[in-house]
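As structure tokens, the structure follows; a few thoughts come after it.
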Amino acid sequence: MPASTRGAEMQPVSQRSMLERQQQMMRDMDEPLTVLEGSVNNLQQVSTMIRTEINLQNRLLDNANETTDRTSARLGRARSMLTRFQSLDRNRWLGISVLLLFIALVILFVYEVLP
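For the sequence shown, this note's numbering puts the final residue at 122, and the numbers step up evenly by one.
Shown next as structure tokens:
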């Protein structure tokens with residue numbers, strides 16, 4: 008075999024092996040990227056779950072705040088009603104006391120003047 012023929016036969020083998028090596032290198036690079044892709048997908052799922060949970064917790068907190076506000080308003084109304092009732096009750100007892108004292112004075116006056 009002449010030397011020029013041998014070089015021609017060697018060249019395609021060399022290009023083929025070069026192509027195979029490059030493909031193997033690409034596969035070797037793809038393996039860690041595939042693992043990384045799986046990790047990124049897992050992180051995406053976890054972050055989606057966290058976002059969903061945070062939204063749920065925010066809605067629950069909003070509901071609790073609304074309930075607390077309504078309860079606080081009701082307590083304020085009840086407190087003002089109790090304050091009004093206490094003042095009316097005090098005034099009523101004060102009126103009854105004045106009436107009783109007046110009756111006592113009339114009785115004393117009648118017994119003192121009419122003996």
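Built from N, CA and C at the ideal position, the CB exists for glycine as well. These numbers were taken from a predicted model, which means no experiment stands behind them.
Local conformation of residue i per DSSP, three classes
i	result
Ala15	Interpretation of Ala15 is limited by its pLDDT of 49, a score under 50 that renders its predicted location unreliable; the figure taken from the coordinates is listed afterwards. Residue state, collapsed to three classes: helix.
Met8	Per-residue confidence for Met8 stands at a pLDDT of 48, beneath the threshold of 50, marking its modelled position as unreliable; no derived number is given.
Buried versus exposed, by CB contacts within 10 Å (16 or more), residue i
i	result
Ala15	Note that Ala15 scores 49 on pLDDT, short of 50, meaning its location in the model is unreliable; the coordinates nonetheless yield the value given after this. With fewer than 16 Cβ atoms within 10 Å of its Cβ, Ala15 is classed as exposed.
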